[in-house]
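Engineer: Top to bottom, those sequences are chains A and B. Sequential numbering from -19 applies to the first sequence in our numbering. Sequential numbering from 14 applies to the second sequence in our numbering.
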Amino acid sequence: MSIIELKHVTRLFIVRERKGVLRREQRNVKAVRDISFSIAPGEFVGYLGANGAGKSTTIKMLTGILAPSSGEVKVCGKDPFRNRREVAYHFGAMFGQRMQLWWDLPLIDSFDQLHYIYRVPGDQYRARLEELVEILDLSSFLKVAVRQLSLGQRIRGELAAAMIHTPEILFLDEPTIGLDLVAKERVREFLTQINRRHNVTVMLTTHDMADLERMCSRLIVLAGGQTVSDGPLGELFGAYKLERTLTVDLSEPCEAMIIPGARSVTIDGPRQVFRFVAQDLSSADLIAQVAARAKIIDLTLKEPDVEDLVRAITKAES
Amino acid sequence: MSSVTIYVRLVRLQVRSQLQYTANFLMSILATFLFTSLDLATILVIFSNVRTLGGWTAQQVLLLYGAAASSYALADMLLGSLDRLPQLIREGNFDSMLFRPRSPFFQLLASDFMLSRSGRLIQSIIVVIVICTVYIHIAWTAGAILILMAAVISGAVILGSVWVAGACISFWIEGASEFVNTFSSGALFVTQYPINIYAQWLQIAVTFILPIGFVIFMPASYLLHKAPIFDMPSVLRLFSPLVAILAAAAATALWRLSIRHYRSAGG
C-alpha cells in the first residue's frame, strides 16, 4: 500500500507576456509533465532537481494547494485538492524560509494555536508537546517571541509545529538551509528519529549532500518537469561517480601536471584546479603528488554537492 | 469546533499577548483615537464656512460621521488582517493557511488581530452618543438603540464585503495592494458625508454597484426626513440589512472562486 501516489501528473501554468503596448501573448508552461511515482509508508525520500525542475509544484499538488492539470494525485488514498481539509490532518509541512509560526507570539502560543486548528485532544497534545520539546530541546525558548529566536531555534520550532498533530507524512523543503553544523546535525537526528520510531514518511528537498547521505533511503530526481531517476540512494551514488574538486595555489605559475586518476580542469597563473573521483584516487595521494612537483601555498578541497549529483544524473539520463 | 470558535481562540491568544505590554497598548489606542479625531476636525472646519452641506446641518453630518466611522471601525477590527493578503500571497505564506484543516478565510482574519484598532471604534461611538444626546435629544429607548446598532452592524457588513471583494483582486493580479488600500480608505471617506453632495456618477456607483451608500447614509437620511436620492421609494432606504446580506453573499462567492483560482507564488 502506498501512502503517496502520483499517476501521469501534469501541471500547466499560463504565462502572460507583454508584447508591445496592448498585445499580450499567452503561453502554456508545463511545470510538471507526466510524473508517476508512489511512496510507501515509512520511506525517507529525497526529492531533487535544479531550480525550476518542478519540485515545489509537485509538493504543492501533494499538499492540496494546487490542482493537477491532468493525472491523479493521491495522499493517504485521497485527492488532496478536492479533500483539502481532510487530507490536511495527515501531513505536516515545512517550507524552508516560509513562516508557519506566529511572528509576534511566544513559541508556545503557536503550538497552542495549532493544537486547536488540528483538533488535537488536550492530553494527547500535552504528551506530544513534551516529547517534541525534549527531542528538539526547545524548553529554554518556549516562552520567547518567535521574532526573537535565532534561525536554528526557529527552524526547530517550525519542525515541532509541523509535527504537533502527529502526521503520518512530513513534507520538508530545505529544512537545514542556513543552519550551522551543530543545528543541522540536531535537525537530522530529529528527522531520522521520527522516521524510525514513528514510521513517519518523509519527503524532503535539499541542497545539502549530508542531508541525503544521513537520512534518505531513496532519491527521486526531476529535470524539466519529468522524473529522470528514481531508486535507492546507495545504488544511485554507486552508479554516478561524482568528482571532488581540488584547487591549489602554487608559489609560481606551473605547467599542467599529468597525474593518473585526476584531470586538470583550469590553470590560472599559479592557481590550478583538479577534478577526481574518490574511489580512484585519495585526496591525500593527489596532494602529495602535486606537492612533489611544485610548492603549494594554499589549497581547498570541495566535496561533490547535490547540484553535481543532479547534474550528473540529468546528463546521463537525457 | 467551528471556524468561528477557532477564530475566537486564535484572536484571544493574540489579545492576551498584546495586553502584556500595557503602556504600549494604551498608547496605540490613544494614538488611533487622536488620529481619527482629525476627521472630526475636518468636519468642524467645513461647517465654520458653510451652514449646511447638501441640506444637512453640522449636527446631522456629525451623526452621520460618527455612525459611519463606527461601522468602519467595527469592520476594521474584524477584517483588518485582509490588508496583509497581498503580501502573504506574494511571499507564499498564504500557502500555509491553505494546507491546514480550517477555513483559510478565518485563519487570515485571525492572523493579525489588533486590539488597538478599537481606538477608532471608541472614538466614533462617543461622537454618536454625544451628538444624539446633546443635540438631537434622542430618547435612549431599547428601540432606538436597536435601530442604531442594526444600522452600524449592517454598515460594517457592507463595508467588509466590499473589502473582501477588493482583497480578492490580489488572487488574480499580482501587486494589487495599493488597489486594496484605496478600497478601504476611500470607502470610509465617501460614507462620512451626505452622498448627495457627490457627482452623479459616484452617487450611482455607491448606491447600485458598490452599495456603500447604505452604510448609515440611507437609513440616516430616512430617519432625518431628507428627500431620497434618485427619487427612490423612501422606505427602501431602510433596507440596509438586506443589502448587507446580499453583499456578504456576493463577497463569499467571489472569495471561494478566487481561492480556487489561486496558483501560489514561486513555481
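We treat Cβ as the ideally placed atom computed from N, Cα and C, and that holds for glycine. Since the structure is predicted, the reported quantities are computational estimates derived from the model, not experimental observations.
So what does residue 184/B bridge to, in DSSP terms?
Structural biologist: For this step, residue 184/B is matched to residue 171 along the second sequence. DSSP output for residue 184/B lists no bridge partner at all.
Engineer: Give, in chain order, every unbroken run of the alpha helix (DSSP H) that is at least 4 residues long and sits entirely within the stretch 134 to 183 of chain A.
Structural biologist: Counting only runs of 4 or more, we get 161 to 178.
Engineer: Using Cβ-Cβ distances below 9 Å, what residues of the stretch 52 to 71 of chain A are close to chain D?
Structural biologist: In the structure shown, chain D cannot be found, because the protein chains are A and B.
Engineer: What are the residues that DSSP puts in a beta bridge with residue 211/A?
Structural biologist: Position 231 of the first sequence, counting from 1, holds the residue named residue 211/A. DSSP, once it has assigned bridges, lists 199/A as partnering residue 211/A.
Engineer: Taking DSSP's pairing of strands, which residues face residue 27/A in a bridge?
Structural biologist: To locate residue 27/A, count along the first sequence from 1; it is residue 47. For residue 27/A, which the question treats as bridged, DSSP gives the partners 200/A.
Engineer: Give the straight-line distance between the Cα atoms of residue 83/B and residue 73/A, rounded to the nearest whole angstrom.
Structural biologist: Residue mapping note: residue 83/B aligns to position 70 of the second sequence, counting from 1. Residue mapping note: residue 73/A aligns to position 93 of the first sequence, counting from 1. Using only the alpha carbons, I get a separation of about 41 Å.
Engineer: Just the chain A side, please: which residues come within less than 8 Å of residue 106/B by C-beta, in chain order?
Structural biologist: Position 93 of the second sequence holds residue 106/B. In chain order: 78, 79.
Engineer: Just list the beta strand (DSSP E) runs in the stretch 21 to 86 of chain A, keeping only unbroken ones of 3 residues or longer that don't cross its boundaries, in chain order.
Structural biologist: 24 to 29, 50 to 55, 71 to 75
Engineer: If you drop the 5 nearest sequence neighbours on each side, which residues of the same chain put their C-beta closer than 7 Å to that of residue 56/B?
Structural biologist: For the purposes of this step, residue 56/B is taken as residue 43 along the second sequence, with counting starting at 1. Cβ within range, chain order: 74, 75, 78.
Engineer: Just reading off the beta strand (DSSP E) that residue 94/B is part of, what are its end residues?
Structural biologist: Numbered from 1 along the second sequence, position 81 holds the residue referred to as residue 94/B. Careful: residue 94/B lies outside any beta strand (DSSP E) and carries neither H nor E.
Engineer: Opposite residue 255/B in the DSSP bridges: which residues?
Structural biologist: Counted from its first residue, the second sequence places residue 255/B at position 242. As computed with DSSP, residue 255/B is found in no beta bridge at all.
Engineer: Against residue 38/B, what residues of chain A qualify as contacts under a CB-to-CB distance less than 9 Å, listed in chain order?
Structural biologist: Counted from its first residue, the second sequence places residue 38/B at position 25. Correct list: empty, because the minimum Cβ distance to chain A is about 13 Å.
Engineer: Can you check which of these residues, 189/A, 83/A, 184/A, 177/A, is closest to residue 137/A by C-alpha distance?
Structural biologist: Position 157 of the first sequence, counted from the first residue, corresponds to residue 137/A. Distances from the alpha-carbon of residue 137/A to those of 189/A, 83/A, 184/A, 177/A put 83/A closest.
Engineer: Does the beta carbon of residue 295/B sit closer than 8 Å to a beta carbon anywhere in chain A?
Structural biologist: Lying before the first or after the last residue shown, residue 295/B is absent from chain B, which here runs from 14 to 280.
Engineer: Please state whether the Cβ-Cβ distance between residue 252/A and residue 266/A is less than 8 Å.
Structural biologist: To locate residue 252/A, count along the first sequence from 1; it is residue 272. To locate residue 266/A, count along the first sequence from 1; it is residue 286. Result no, Cβ atoms of residue 252/A and residue 266/A do not sit closer than 8 Å.
Engineer: Are the CB atoms of residue 153/A and residue 39/A within a distance shorter than 8 Å?
Structural biologist: Taking the first sequence and counting its residues from 1, the one referred to as residue 39/A is at position 59. Taking the first sequence and counting its residues from 1, the one referred to as residue 153/A is at position 173. Yes, the pair counts as a contact, with Cβ atoms nearer than the cut-off.
Engineer: Give, in chain order, every unbroken run of the alpha helix (DSSP H) that is at least 4 residues long and sits entirely within the stretch 242 to 269 of chain A.
Structural biologist: none
Engineer: Which residues bound the beta strand (DSSP E) around residue 8/A?
Structural biologist: Here residue 8/A refers to the residue found at position 28 when the first sequence is read from its first residue. Taken as a continuous stretch (DSSP letters only), the beta strand (DSSP E) holding residue 8/A covers 4 to 19.
Engineer: If you run the structure through DSSP and keep just helix, strand and coil, what is residue 224/A?
Structural biologist: Counting from 1 along the first sequence, the entry for residue 224/A is found at position 244. Residue 224/A: strand per DSSP, three-state reduction.
Engineer: For residue 106/A and residue 75/A, what's the separation of their Cα atoms in angstroms?
Structural biologist: Translated into positions along the first sequence, residue 106/A becomes position 126. Translated into positions along the first sequence, residue 75/A becomes position 95. Cα to Cα, residue 106/A sits roughly 25 Å from residue 75/A.
Engineer: What is the rounded straight-line gap between the Cα of residue 101/B and the Cα of residue 147/B?
Structural biologist: Within the second sequence, the letter at position 88 stands for residue 101/B. Within the second sequence, the letter at position 134 stands for residue 147/B. Distance between the alpha carbons of residue 101/B and residue 147/B: 46 Å.
Engineer: Please compile the residues from chain A whose C-beta is within a distance smaller than 8 Å of the C-beta of residue 109/B.
Structural biologist: Residue 109/B sits at position 96 when you count from the first residue of the second sequence. Result: 73, 75, 78, 79, 80.
Engineer: If you check the beta carbons only, do residue 46/A and residue 37/A fall under 8 Å apart?
Structural biologist: Here residue 46/A is taken as the residue at index 66 of the first sequence, counted from 1. Here residue 37/A is taken as the residue at index 57 of the first sequence, counted from 1. Against a cut-off of 8 Å, the Cβ pair of residue 37/A and residue 46/A comes out as a contact.
Engineer: Since I believe residue 286/A is in contact with residue 186/A (beta carbons under 8 Å), could you give me their beta-carbon distance rounded to a whole number of angstroms?
Structural biologist: Numbered from its first residue, the first sequence carries residue 186/A at position 206. Numbered from its first residue, the first sequence carries residue 286/A at position 306. Yes, residue 186/A and residue 286/A are in contact; Cβ-Cβ is about 7 Å, under 8 Å.
Engineer: Determine the direct distance from the alpha carbon of residue 236/A to that of residue 115/A, and round the result to whole angstroms.
Structural biologist: The residue you call residue 115/A lines up with position 135 of the first sequence. The residue you call residue 236/A lines up with position 256 of the first sequence. Whole-angstrom Cα-Cα distance: 52 Å.
Engineer: For residue 149/B and residue 98/A, I'd like the C-alpha separation in whole angstroms.
Structural biologist: Counting from one through the second sequence, the residue named residue 149/B turns up at place 136. Counting from one through the first sequence, the residue named residue 98/A turns up at place 118. About 52 Å.
Engineer: Closer than 8 Å, CB to CB, is residue 27/B near chain A or not?
Structural biologist: For the purposes of this step, residue 27/B is taken as residue 14 along the second sequence, with counting starting at 1. Using beta-carbon distances, residue 27/B counts as an interface residue toward chain A, with a partner under 8 Å.
Engineer: Using a threshold of 8 Å, state whether the C-beta atoms of residue -9/A and residue 48/A are closer than that.
Structural biologist: Counting from one through the first sequence, the residue named residue -9/A turns up at place 11. Counting from one through the first sequence, the residue named residue 48/A turns up at place 68. Yes, the pair counts as a contact, with Cβ atoms nearer than the cut-off.
Engineer: So which residues of chain B does residue 157/A contact, with C-beta pairs closer than 8 Å?
Structural biologist: Residue 157/A sits at position 177 when you count from the first residue of the first sequence. Under the 8 Å cutoff, chain B gives no residues; its nearest Cβ is about 14 Å from residue 157/A.
Engineer: How many Å lie between residue 56/A and residue 108/B at the Cα?
Structural biologist: Taking the first residue of the first sequence as 1, we reach residue 56/A at position 76. Taking the first residue of the second sequence as 1, we reach residue 108/B at position 95. Residue 56/A and residue 108/B: Cα-Cα distance of roughly 20 Å.
Engineer: Below 6 Å CB to CB, which residues in the same chain sit around residue 145/A once its five sequence neighbours on both sides are set aside?
Structural biologist: The sequence position of residue 145/A within the first sequence is 165, counting from 1. Result list for residue 145/A: 98, 100, in chain order.
Engineer: Any idea what DSSP makes of residue 295/A, helix, strand or coil?
Structural biologist: As a working note, residue 295/A is residue 315 in the first sequence. If DSSP states are grouped into helix, strand and coil, residue 295/A belongs with the helices.
Engineer: Look up residue 263/B in the DSSP assignment and say whether it is helix, strand or coil.
Structural biologist: Reading the second sequence from its first residue, position 250 is the one you call residue 263/B. Residue 263/B: helix per DSSP, three-state reduction.
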